[in-house]
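**Q** Have a look at the structure that comes next, please.
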Amino acid sequence: GQNIDQPTEMTATEGAIVQINCTYQTSGFNGLFWYQQHAGEAPTFLSYNVLDGLEEKGRFSSFLSRSKGYSYLLLKELQMKDSASYLCAVRDRNSGGYQKVTFGTGTKLQVIP
Amino acid sequence: EAGVTQFPSHSVIEKGQTVTLRCDPISGHDNLYWYRRVMGKEIKFLLHFVKESKQDESGMPNNRFLAERTGGTYSTLKVQPAELEDSGVYFCASSQGRGRVEQFFGPGTRLTVL
């Protein structure tokens, strides 16, 4: 099975930087996703890390350490529209040999003026 | 390019009734996934199609749920008979495969069983 942990809620100020952490325990690890989900909408793909290190994409960066079972999503120059839930999801090979994605419960980020 | 679409957006049915949800993936995407989010819980995997074949249905909760993807295009998920605990948001996602792993989600179908 899998165990994915991320904080339930976070609050940050417009223009600031926020880091959302995710830890996971799994066997057959084959990548980690971050998704953004605004209330009532579909999750939107943000990033995918399969190797250790930092991947930067505009204001968003994602980091992975496979040995520590740890990832974070870094959001810079926060905007009000960044208020959303951020979902950490791990891709691994399950007991049947199939690739499967398991989601964390998500971190609800509130950006305040 | 059109995204993943789902129909209906909302469905309210009574316990014991049947409901069929439909998903149209992005054109050309071989992989199609169904997920469910029950209120307050995480998004949970239900099953995965590669073209018309069920690759992995380990997440299907029980035999009241039946998914099909005839012809390898759109997919349907039927719940028969529906129970109260089936209420939630059912998401469909698709991915291209062939090394492209990111999954594109549809807007979901909110199912309420009374």
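Protein sequences appear in the order of chains A and B.
Take my numbering: the last position of the first sequence gets the number 113, and nothing is skipped along the way.
Take my numbering: the last position of the second sequence gets the number 1114, and nothing is skipped along the way.
Even for Gly, the Cβ is constructed at its ideal location relative to N, Cα and C.
What you are looking at is a predicted structure, and each value in this text was computed from that prediction instead of being measured.
Suppose contacts are defined by Cβ-Cβ distances below 8 Å. Is tyrosine 48(A) in contact with valine 1101(B) by that definition?
**A** As a working mapping, residue 48(A) is identified with position 48 in the first sequence. As a working mapping, residue 1101(B) is identified with position 101 in the second sequence. In contact: tyrosine 48(A) and valine 1101(B) (Cβ atoms closer than 8 Å).
**Q** Around the Cβ of isoleucine 20(A), are there at least 16 other Cβ atoms within 10 angstroms (buried) or fewer (exposed)?
**A** Your numbering for residue 20(A) matches position 20 in the first sequence. It is buried - the Cβ of isoleucine 20(A) has at least 16 other Cβ atoms within 10 Å.
**Q** Can you give me the C-alpha to C-alpha distance between proline 113(A) and threonine 13(A), rounded to a whole angstrom?
**A** On the first sequence, residue 113(A) is found 113 positions in, with the first residue counted as 1. On the first sequence, residue 13(A) is found 13 positions in, with the first residue counted as 1. Each residue's Cα considered, the two are about 6 Å apart.
**Q** On the DSSP bridge assignment, give the partners of alanine 12(A) in chain order.
**A** Taking the first residue of the first sequence as 1, we reach residue 12(A) at position 12. In the DSSP output, where bridge partners are listed per residue, alanine 12(A) has Val111(A).
**Q** Which residue or residues does DSSP assign as beta-bridge partners of isoleucine 17(A)?
**A** Within the first sequence, the letter at position 17 stands for residue 17(A). Paired residues: none, contrary to the question.
**Q** Is there a Cβ of chain A sitting closer than 8 Å to that of histidine 1010(B), yes or no?
**A** For the purposes of this step, residue 1010(B) is taken as the residue at position 10 of the second sequence. Judged by the 8 Å Cβ criterion, histidine 1010(B) is not in contact with chain A.
**Q** Alpha carbon to alpha carbon, how far is asparagine 1063(B) from threonine 102(A)?
**A** Counted from its first residue, the second sequence places residue 1063(B) at position 63. Counted from its first residue, the first sequence places residue 102(A) at position 102. When rounded, the distance between both Cα atoms is 22 Å.
**Q** Between the C-alpha atoms of glutamine 79(A) and glutamine 1080(B), what's the straight-line distance to the nearest angstrom?
**A** By one-based count along the first sequence, residue 79(A) stands at place 79. By one-based count along the second sequence, residue 1080(B) stands at place 80. Each residue's Cα considered, the two are about 44 Å apart.
**Q** Would valine 126(A) count as contacting chain B if we go by Cβ distances under 8 Å?
**A** With chain A covering only 1 through 113, there is no way to say anything about residue 126(A).
**Q** Looking only at C-alpha atoms, which of Glu1085(B), Gln1103(B), Phe1065(B) and Gly1028(B) sits nearest to threonine 1076(B)?
**A** One-based indexing of the second sequence puts residue 1076(B) at position 76. Per the Cα distances, Phe1065(B).
**Q** Taking the alpha carbon of glycine 1088(B) as the point to measure from, which residue in Thr1073(B), Val1113(B), Gly1072(B) and Gly1097(B) has its own alpha carbon closest?
**A** Locating residue 1088(B) in the second sequence gives position 88, where the first residue counts as 1. That would be Val1113(B), whose Cα lies nearest to the Cα of glycine 1088(B).
**Q** With which residues is lysine 1044(B) paired in a DSSP beta bridge?
**A** Start at 1 with the first residue of the second sequence, and residue 1044(B) comes out as number 44. Beta-bridge pairing links lysine 1044(B) to Arg1036(B).
**Q** Does the count of Cβ pairs from the region 84-91 of chain A and the region 56-64 of chain A closer than 8 Å reach three?
**A** Contact fails: fewer than three Cβ-Cβ distances are below 8 Å.
**Q** Within 8 Å of any Cβ in chain A, is that where the Cβ of proline 1025(B) sits?
**A** Taking the second sequence and counting its residues from 1, the one referred to as residue 1025(B) is at position 25. Cβ-Cβ to chain A under 8 Å: no for proline 1025(B).
**Q** Is it true that the CB of threonine 44(A) sits closer than 8 Å to the CB of glutamine 37(A)?
**A** Stepping through the first sequence from its first residue, residue 37(A) is reached at position 37. Stepping through the first sequence from its first residue, residue 44(A) is reached at position 44. Yes, these two residues count as a Cβ contact at 8 Å.
**Q** Any Cβ of chain B within less than 8 Å of the Cβ of arginine 93(A)?
**A** Locating residue 93(A) in the first sequence gives position 93, where the first residue counts as 1. So no, arginine 93(A) is outside the interface.
**Q** Please list, in chain order, all residues of the same chain as serine 65(A) whose beta carbon is under 7 Å from its beta carbon, the five residues on each side excluded.
**A** Within the first sequence, numbered from 1, the residue matching residue 65(A) stands at position 65. Closer than 7 Å at Cβ, skipping near neighbours: Asp52.
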